[in-house]
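Residue numbers (the working numbering), protein chains in the order written: chain V, 19 to 419; chain P, 234 to 713.
Notes follow the structure.
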Amino acid sequence: MAKGIRDKVAILGMGCSKFGERWDKEADNLMVEAYTEAMADAGIDAKQIDAAWFSTAIEEQHVGKSATPLAVALRLPFIPVTRVENFCASGTEAFRGAVYAVASGAADIALALGVEKLKDTGYGGLPQRGRGPLNDMTNPNGSAPGNFAQLAAAYASKHKVDPKELKRAMAHISVKSHDNGSRNPKAHLRNKITIDTVLNAPTVAEPLGLYDCCGVSDGSACAIVTTPEIARSMGKKDLISVKALQLSVSNGLEAQHNSWDGSYFATTRIAAKRAYQEAGIEKPREQVSLIEVHDCFSVTELVTMEDLHISAEGGAIKDVLDGFYDADGKLPCQIDGGLKCFGHPIGASGLRMIYEMYLQLQGRAGERQRKQEPVFGLTHNLGGMPMRNVAAISIIGKYGA
Amino acid sequence: MTKGILSFGAYIPRRRLQRKAIADTHTWFAPGLKGQAKGERAFCNWDEDAVTMAVEASRDALVGRDRAAIETLRFASTTFPFLDRLHSGIVAGALSLGDNVMAVDVSATQRAGTTALLEGLSGEAETLVVAAEKRDAKAASPMEMQSGDGAAAFVVGKGKPVATLLGKASRTADFVDHFRSLDNQYDYQWEERWVRDAGYMKIAPAVIKACLENAKVGAADVTYFCMPGTLSKIANTVAKAAGIADTAVVDPLHANCGDTGAAHALVLLAATLEKAKAGEKILVVGFGQGADALLFEVTPELAKLPRRMGVSGNLARRKEETQYGRYLAFNDLIELERGMRAETDKATALSSFWRNKDTVTSFIGGKCSKCGTLQFPKTDICVNPNCNAIGTQEPHHFAEMTGRIKSFTADRLTYSPDPPSCYGMIEFDEGGRVMIDFTDIDADQLKVSLPMRMMFRIKDIDNTRGFRRYYWKAAPVPQS
Numbered sequence: 019m020a021k022g023i024r025d026k027v028a029i030l031g032m033g034c035s036k037f038g039e040r041w042d043k044e045a046d047n048l049m050v051e052a053y054t055e056a057m058a059d060a061g062i063d064a065k066q067i068d069a070a071w072f073s074t075a076i077e078e079q080h081v082g083k084s085a086t087p088l089a090v091a092l093r094l095p096f097i098p099v100t101r102v103e104n105f106c107a108s109g110t111e112a113f114r115g116a117v118y119a120v121a122s123g124a125a126d127i128a129l130a131l132g133v134e135k136l137k138d139t140g141y142g143g144l145p146q147r148g149r150g151p152l153n154d155m156t157n158p159n160g161s162a163p164g165n166f167a168q169l170a171a172a173y174a175s176k177h178k179v180d181p182k183e184l185k186r187a188m189a190h191i192s193v194k195s196h197d198n199g200s201r202n203p204k205a206h207l208r209n210k211i212t213i214d215t216v217l218n219a220p221t222v223a224e225p226l227g228l229y230d231c232c233g234v235s236d237g238s239a240c241a242i243v244t245t246p247e248i249a250r251s252m253g254k255k256d257l258i259s260v261k262a263l264q265l266s267v268s269n270g271l272e273a274q275h276n277s278w279d280g281s282y283f284a285t286t287r288i289a290a291k292r293a294y295q296e297a298g299i300e301k302p303r304e305q306v307s308l309i310e311v312h313d314c315f316s317v318t319e320l321v322t323m324e325d326l327h328i329s330a331e332g333g334a335i336k337d338v339l340d341g342f343y344d345a346d347g348k349l350p351c352q353i354d355g356g357l358k359c360f361g362h363p364i365g366a367s368g369l370r371m372i373y374e375m376y377l378q379l380q381g382r383a384g385e386r387q388r389k390q391e392p393v394f395g396l397t398h399n400l401g402g403m404p405m406r407n408v409a410a411i412s413i414i415g416k417y418g419a
Numbered sequence: 234m235t236k237g238i239l240s241f242g243a244y245i246p247r248r249r250l251q252r253k254a255i256a257d258t259h260t261w262f263a264p265g266l267k268g269q270a271k272g273e274r275a276f277c278n279w280d281e282d283a284v285t286m287a288v289e290a291s292r293d294a295l296v297g298r299d300r301a302a303i304e305t306l307r308f309a310s311t312t313f314p315f316l317d318r319l320h321s322g323i324v325a326g327a328l329s330l331g332d333n334v335m336a337v338d339v340s341a342t343q344r345a346g347t348t349a350l351l352e353g354l355s356g357e358a359e360t361l362v363v364a365a366e367k368r369d370a371k372a373a374s375p376m377e378m379q380s381g382d383g384a385a386a387f388v389v390g391k392g393k394p395v396a397t398l399l400g401k402a403s404r405t406a407d408f409v410d411h412f413r414s415l416d417n418q419y420d421y422q423w424e425e426r427w428v429r430d431a432g433y434m435k436i437a438p439a440v441i442k443a444c445l446e447n448a449k450v451g452a453a454d455v456t457y458f459c460m461p462g463t464l465s466k467i468a469n470t471v472a473k474a475a476g477i478a479d480t481a482v483v484d485p486l487h488a489n490c491g492d493t494g495a496a497h498a499l500v501l502l503a504a505t506l507e508k509a510k511a512g513e514k515i516l517v518v519g520f521g522q523g524a525d526a527l528l529f530e531v532t533p534e535l536a537k538l539p540r541r542m543g544v545s546g547n548l549a550r551r552k553e554e555t556q557y558g559r560y561l562a563f564n565d566l567i568e569l570e571r572g573m574r575a576e577t578d579k580a581t582a583l584s585s586f587w588r589n590k591d592t593v594t595s596f597i598g599g600k601c602s603k604c605g606t607l608q609f610p611k612t613d614i615c616v617n618p619n620c621n622a623i624g625t626q627e628p629h630h631f632a633e634m635t636g637r638i639k640s641f642t643a644d645r646l647t648y649s650p651d652p653p654s655c656y657g658m659i660e661f662d663e664g665g666r667v668m669i670d671f672t673d674i675d676a677d678q679l680k681v682s683l684p685m686r687m688m689f690r691i692k693d694i695d696n697t698r699g700f701r702r703y704y705w706k707a708a709p710v711p712q713s
């Protein structure tokens, strides 16, 4: 295996806009909001940015194609800017582009920014859109919750779990994220809820109810990266560095080959294993301090606990109900509220997860700061649907750890 | 080799609207409907039309038969969805009959079904004759009460017939008891008493007489008399005039199906073949701008046919519908607020459709000639991770394969004309899998490992351009 990215790149600064229904803001306003925070944090000038990566997924709903919306919004001085799209994993992809550019030596300082402005559709949920001529002729006209809901049927059948018990564990996940979101001033949803709120909510796609689904939000997040040497030369101390960046992309096996049972993410399992190896982590359940996962739906978070090799296969329900992943548990998951409550502006989400880990590792997370000092923060950013998806894992941590 | 009917099949949609539900809504306006508020009528799911029903009836008729033997396909209906597109061509594609089949649409009269059957029996070629009708009727009309949707199919030609044609007769007359034109979606009908006295009673007995003379069979020897007609007791009245015993008149399926228009004479024939015995004689009459009469004699081969759904199997596959609103919505008789998600453009790229017709219409996937793995759709590189051979995929027909639900959902967010939208992963017993829409299923039926079969259905309707695209969906295997 290649030597990997561990400790080759440091985060110089990060920023994140408030997420939510930003009725009064355009996408470029949101980009500037995240960018100015990141630039102030990094303490650099725009002229010092050598290259930029721009992530957005449903561009037809707001900025349109190409990288020019970022270059224009930030008035970047005619530098190379690349737009990336890889479903909901786009944000981590932008980060990967910037990190790799710095690691290769092609750029000293690189920027990654993600944005999504989704609340101009006229209805709740993700926009309905064409999927290409052939897919439109054959694929179910499904929604995102409908696609992910199927995990529950397959998981309950495989592990012989009473669907009611599974639904209870899923409810616990949402209650926990609302608790966490209530302590996050930038979060889209800040209300606390109870198990009954979740269980009594209207059904969206069996067995997912309204509170099993994350919010669709407007928002932007930004990262500025450089080498540890340059960061130190700028007077930065207690560096936060990139430990691993892994991606696994479905090749059609899950959709077409009977070896996949529908109850887990084949991609996440592979990407996580590679990420731990790249970061030098041998016992993730003990070594990882915090995780931010792609909790687009409660059931996604539940099975992801196993796919990240933290809960044993079939053991996620118990861990969840034991409070293992609660903010005061052994390994907090979504300490910022997650997609569920921080919100899910698609192209920004991967960067938002890294932003939270970055704050937590520096002890800057305010009211929601993890008391026990974090060393490694893992983010899991997933796009697509269970049978065909992109799983992106990043691990960041204290430099040298 | 003897010529005749070699096989038969039928299809009746699963939903049965209770006539009482119609009457409950409309008797304030049309009190006459109250007297008709008995029994139930079959009606198409939102994703069914004459084409999809024709495919299902044909599959039923083709059980155990070599499809490559079919040389001609005649499809009869007066409710074809297109004015200019060969519907029998769609059916031929869905049945994978092969490119060399001669396909013909027969239309414009309620006796289109019997005419297509007559023509099929006149030629030398092995012919698939199918008739299907999705009746259009105005809300609160008697026709809405009396009609049903359905289809029947027959394979005719040389071989070992289950019934031979003993005699036939036809008469043509521009007797306009009703009409439907380009400018009018619904029937315009003249007075029933005139239709009976000047139409049926003048035309039908004369054609029957000619047919029986042609066959040299006496009217008293007719075991079963199949003649559709929504006028009260019209078949019995005609039978009496023709000298046929009243006991020979077959049940018009009014109580549990309704009159399926141009398909109904053939639906009644199929239903009769399900119970007939060798030596019995079946007289079939189709009425509409004249009449056709066909006299068949059942042979001992009938008892040897493999099991099929037939009319009785389809009638048993039944979902009682008390929501008249669902019928109104499915038939565009009411303008529903369908929500913004329904605004998604359903345009079809016709070039892509043509290029992918094997996948989309014929449901042909791939079988790796190297490792034997089945996969859908067919791709250049085998999906088996231990094979991944390039260019080894042979066409494999998935349409007749059965499978089981692997994962599922009932989606209430996405737009569906009949929410919730049920879909999921089907794993085929023989191998391979597909993520696909489900149909003819209720959310509370969904469970992992439920046995499913494939059905040809409307995938999407493009209201902007008047196009509709068809594809396959998974439906529960009928309980026997």
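By construction, the Cβ of each residue, glycine as well, lies at the ideal position given by its N, Cα and C atoms.
Look up residue i in the DSSP assignment and give the residues it is bridged to.
| i | result |
| --- | --- |
| P/S240 | P/V388 |
| P/V667 | P/I659 |
| V/R40 | Note: V/R40 sits in no beta bridge, so no partner. |
| P/Y457 | P/I515 |
| P/S380 | P/D492 |
| P/G272 | According to DSSP, P/G272 bridges with nothing at all. |
Using only the alpha-carbon positions, how far apart do residue i and residue j sit?
| i | j | result |
| --- | --- | --- |
| V/A167 | P/F641 | 8 Å |
| P/D225 | V/A239 | Residue 225 of chain P falls outside the range modelled here, since chain P spans only 234 to 713, and no answer is possible. |
| V/R101 | V/F72 | 5 Å |
| P/D257 | P/R413 | 28 Å |
| P/A385 | P/T405 | 24 Å |
| P/Q522 | P/Q418 | 19 Å |
| P/L319 | P/D299 | 23 Å |
| V/K301 | V/V267 | 24 Å |
| P/Q608 | P/S584 | 24 Å |
| P/L502 | P/C459 | 6 Å |
| V/Q16 | V/K36 | Summary: the structure shown does not reach residue 16 of chain V, with chain V confined to residues 19 through 419, and so no result is reported for it. |
| P/N489 | P/R249 | 8 Å |
| P/L351 | V/A170 | 55 Å |
| P/K552 | P/Q251 | 10 Å |
| V/E51 | V/P87 | 15 Å |
Would you kindly report the start and end of the unbroken beta strand (DSSP E) that includes residue i?
| i | result |
| --- | --- |
| V/C240 | 237 to 244 |
| P/P709 | 700 to 709 |
| V/W71 | 69 to 73 |
| P/G400 | 396 to 405 |
| P/K600 | 597 to 601 |
| P/F408 | Counting along the chain, P/F408 falls outside any beta strand (DSSP E), and DSSP gives it neither H nor E. |
| P/H629 | 626 to 630 |
| P/I694 | 684 to 695 |
Do the CB positions of residue i and residue j come within less than 8 Å of each other?
| i | j | result |
| --- | --- | --- |
| V/H398 | V/H312 | yes |
| P/S240 | P/V395 | yes |
| V/I414 | V/R386 | no |
| V/G401 | V/V408 | yes |
| P/I691 | P/R701 | yes |
| P/V616 | P/A526 | no |
| V/V27 | V/V260 | yes |
Looking at the secondary structure, which residues open and close the alpha helix (DSSP H) in which residue i lies?
| i | result |
| --- | --- |
| P/A345 | 345 to 355 |
| V/G356 | 356 to 359 |
| V/C34 | Segment 28 to 34 is the beta strand (DSSP E) holding V/C34; no alpha helix (DSSP H) there. |
| V/A297 | 284 to 297 |
* Asked: Which runs of the alpha helix (DSSP H) fall wholly inside the stretch 155 to 198 of chain V and span at least 4 residues, in chain order?
  -> Counting only runs that start and end inside the stretch 155 to 198 of chain V, the alpha helix (DSSP H) elements of at least 4 residues fall at 162 to 176.
* Mind pulling the alpha helix (DSSP H) runs of 4 or more residues that sit fully within the stretch 463 to 541 of chain P? -> 467 to 475, 497 to 506
* Asked: What runs of the beta strand (DSSP E), each 3 residues or longer, lie entirely inside the stretch 277 to 353 of chain P?
  -> 305 to 309, 335 to 339
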